[in-house]
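Start counting the sequence shown at 523; every next residue gets the next number (this note's numbering). C-beta: ideal position from N, C-alpha, C; glycine also. Here the structure is laid out as structure tokens; the discussion comes afterwards.
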Amino acid sequence: MRSARDTLVMLLAGGVGSRLSILASERAKPAVPFGGAFRIIDFTLSNVMHSGLELVGLLTQYRPQSLMEHVRNGEPWDLIGRERGVKILPPHTGKQDSDWYKGTADAIYQNLAFLQDYRPDKVLILSGDHIYRMDYEKMIARHEARHADVTVAAMPVPWDETQRFGVMVTNEEGSIIDFQEKVKSAKSNLASMGIYVFNYGVLLEELRAVVSARKGFDFGKDIIPGMLGRRKLLGYPFTGYWRDVGTIKAYHEANMDCLKRDSGLDLQSWEIRTAPDIQQAGDRPPTVLGSVASVTNSLIGIGCCIDGEVAQSVVFPGVRVGKAARVRDSIIMQDTVVGDECQVEYSIIDKRCRLGAGAIIGTGTGSVANRKFPSHLDCGISVVGKGVVMPGGARIGKNCIIYPGVDLTQRMLQRMDDGETIMA
């Protein structure tokens with residue numbers, strides 16, 4: 523295993539996640555539940571564990587409470603001991619300009635004291651909001667063998683998605699000779715995965731020259747392009763499953779990939795670790811399927827009670843699906859109750875919701891994007907926030923958003939047309 527003095531991990535987990543809409547309105551994006559039993563950050567932490575790395579600096583910022591409660595001291599990922607662990611690094615307070623990080627590089631810069639305490643040979647910088655399985659040890663070994671100053675993990679993406687990523691051009695030896703951050707007309711479709719291995723001394727010099735001088739605050743936009751021609755930049759090709767789940771559509775699709783044998787996302791073989799829900803007094807009971815229940819191609823968590831139909835869906839622990847209810851192409855999170863004769867289609871229902879008997883969610887044509895957030899929700903999915911109470915017989919269209927905690931029974935609201943939003 524690599525010690526902290528060899529390779530120190532800095533895990534960026536403070537993003538707002540605005541494109542995930544209300545799923546990330548009350549929690550950090552890496553803390554969003556995924557795959558019926560996990561949180562998004564579990565994938566990166568499990569990768570760290572499987573790669574034999576020992577110490578992680580977890581940089582938090584936006585609504586970090588649930589994230590910190592989940593990660594705690596890192597014990598579920600075997601990151602606990604005298605020389606190992608997860609160190610929570612919240613934003614510093616009392617700064618003259620702003621307490622909040624201005625970008626990815628600024629987040630690392632504001633935690634230089636933590637880096638200097640360990641003075642590692644290398645720093646592995648990761649993001650906590652991607653779904654993938656990767657052996658970082660192989661990337662670090664390649665970085666060392668090629669004597670690189672920084673190595674950037676990269677994989678091809680569809681050309682029509684290049685504007686969402688930093689893209690690079692590499693030569694025959696794999697060295698990065700050009701880098702563009704989120705441009706409309708990209709020179710390449712080889713996208714940066716936001717995974718960097720830096721030599722410690724190089725990282726300090728670049729952060730001090732760029733961030734300290736207020737010339738820029740991001741790795742993809744400022745640090746990496748500014749190193750071209752001056753430093754040895756290496757691209758590390760990755761060919762496995764990797765998904766940026768920063769949008770509602772991508773998040774839904776990645777969850778559905780858990781149900782496809784050929785998607786490349788295999789929760790069992792990846793050996794993803796997670797922390798138990800600390801709010802549970804004890805273990806949940808076994809899942810119970812009623813005499814007329816029907817479950818096809820779905821993930822069903824423990825402690826569920828299914829009396830209706832569930833198809834092509836991800837159902838988290840403690841969910842109840844009533845008699846003659848139907849759940850299709852949807853994600854239902856912990857302890858939600860889907861009443862008798864409900865219909866839930868192509869929707870995401872957050873934790874502890876109560877859907878009254880006969881309610882229908884996901885009806886409509888889907889031709890109208892969400893009017894309040896058209897750039898965030900136009901794919902037909904409807905999103906119901908944590909703790910929403912819905913009256914029996916309610917009709918909710920497509921591309922709809924209901925904010926956490928809303929009780930539609932008190933508002934006497936029975937219908938939402940396509941693209942409507944109900945605020946708290």
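Going by CA-CA distance only, name the one from the options that's closest to residue i.
i, options, result
"residue 649", "581, 791, 914, 826", "581"
"residue 656", "574, 783, 828", "574"
"residue 637", "762, 727, 941", "727"
"residue 703", "691, 775, 937", "691"
"residue 829", "860, 591, 533", "860"
"residue 571", "631, 610, 658, 532", "658"
"residue 770", "897, 908, 936, 835", "897"
"residue 560", "780, 921, 934", "780"
"residue 863", "927, 847, 821", "847"
"residue 908", "528, 663, 564, 546", "546"
"residue 589", "609, 827, 577", "609"
"residue 569", "796, 910, 737", "796"
"residue 902", "911, 866, 826", "866"
Measuring CB to CB, does residue i end up less than 7 Å from residue j?
i, j, result
"residue 923", "residue 905", "yes"
"residue 628", "residue 739", "yes"
"residue 719", "residue 646", "yes"
"residue 583", "residue 613", "yes"
"residue 838", "residue 603", "no"
"residue 698", "residue 755", "yes"
"residue 757", "residue 674", "yes"
"residue 824", "residue 806", "yes"
"residue 764", "residue 677", "yes"
"residue 530", "residue 640", "yes"
"residue 869", "residue 889", "no"
"residue 684", "residue 708", "yes"
"residue 938", "residue 918", "yes"
"residue 577", "residue 606", "yes"
CA-CA distance, residue i and residue j?
i, j, result
"residue 542", "residue 672", "31 Å"
"residue 789", "residue 624", "34 Å"
"residue 800", "residue 555", "In this predicted model, residue 800 has a pLDDT of only 49, less than 50, meaning its place in the structure is not dependable; the value taken from the coordinates is given anyway. When rounded, the distance between both Cα atoms is 14 Å."
"residue 925", "residue 544", "6 Å"
"residue 814", "residue 878", "20 Å"
"residue 940", "residue 567", "38 Å"
"residue 946", "residue 721", "47 Å"
"residue 688", "residue 842", "43 Å"
"residue 732", "residue 798", "41 Å"
"residue 803", "residue 872", "Note that residue 803 scores 43 on pLDDT, short of 50, meaning its location in the model is unreliable and no value can be drawn from it."
"residue 833", "residue 819", "6 Å"
"residue 748", "residue 562", "31 Å"
"residue 693", "residue 700", "9 Å"
"residue 809", "residue 914", "25 Å"
"residue 759", "residue 713", "10 Å"
"residue 931", "residue 899", "25 Å"
"residue 850", "residue 920", "14 Å"
"residue 777", "residue 811", "22 Å"
"residue 942", "residue 696", "48 Å"
"residue 669", "residue 750", "16 Å"
"residue 591", "residue 752", "42 Å"
"residue 715", "residue 876", "38 Å"
"residue 742", "residue 711", "15 Å"
"residue 744", "residue 857", "44 Å"
"residue 533", "residue 783", "30 Å"
Looking at the unbroken alpha helix (DSSP H) that takes in residue i, where does it start and where does it end?
i, result
"residue 718", "That residue, residue 718, is in no alpha helix (DSSP H); its beta strand (DSSP E) goes 712–721."
"residue 748", "746–749"
"residue 790", "789–792"
"residue 934", "No alpha helix (DSSP H) contains residue 934, which DSSP labels as neither H nor E."
"residue 496", "With the chain running from 523 to 946 in the structure shown, residue 496 is simply not present."
"residue 660", "658–667"
"residue 890", "No alpha helix (DSSP H) contains residue 890, which DSSP labels as neither H nor E."
Name the DSSP bridge partner or partners of residue i?
i, result
"residue 652", "766"
"residue 929", "911"
"residue 900", "For residue 900, which the question treats as bridged, DSSP gives no partner whatsoever."
"residue 832", "817, 849"
"residue 726", "Paired residues: none, contrary to the question."
"residue 521", "Because residue 521 is not part of the residues shown, which for the chain are 523 to 946, the question remains open."
"residue 842", "827, 859"
"residue 634", "Its beta-bridge partners do not exist; DSSP assigns none."
"residue 692", "698"
Which residues bound the beta strand (DSSP E) around residue i?
i, result
"residue 869", "869–871"
"residue 816", "816–818"
"residue 758", "755–759"
"residue 703", "698–703"
"residue 534", "529–534"
"residue 733", "From DSSP, residue 733 is part of no beta strand (DSSP E); its letter is neither H nor E."
"residue 674", "672–678"
"residue 611", "607–611"
"residue 545", "No beta strand (DSSP E) contains residue 545, which DSSP labels as neither H nor E."
"residue 581", "577–581"
Is any non-hydrogen atom of the ligand FAD found closer than 6 Å to the C-beta of residue i, if you look at the structure I gave you?
i, result
"residue 784", "Only the bare structure without any ligand can be found here, which leaves the ligand FAD out of the picture."
Using beta carbons (cut-off 7 Å, strictly below), is residue i in contact with chain B?
i, result
"residue 556", "Absent here is chain B; the protein component of the structure consists of one chain."
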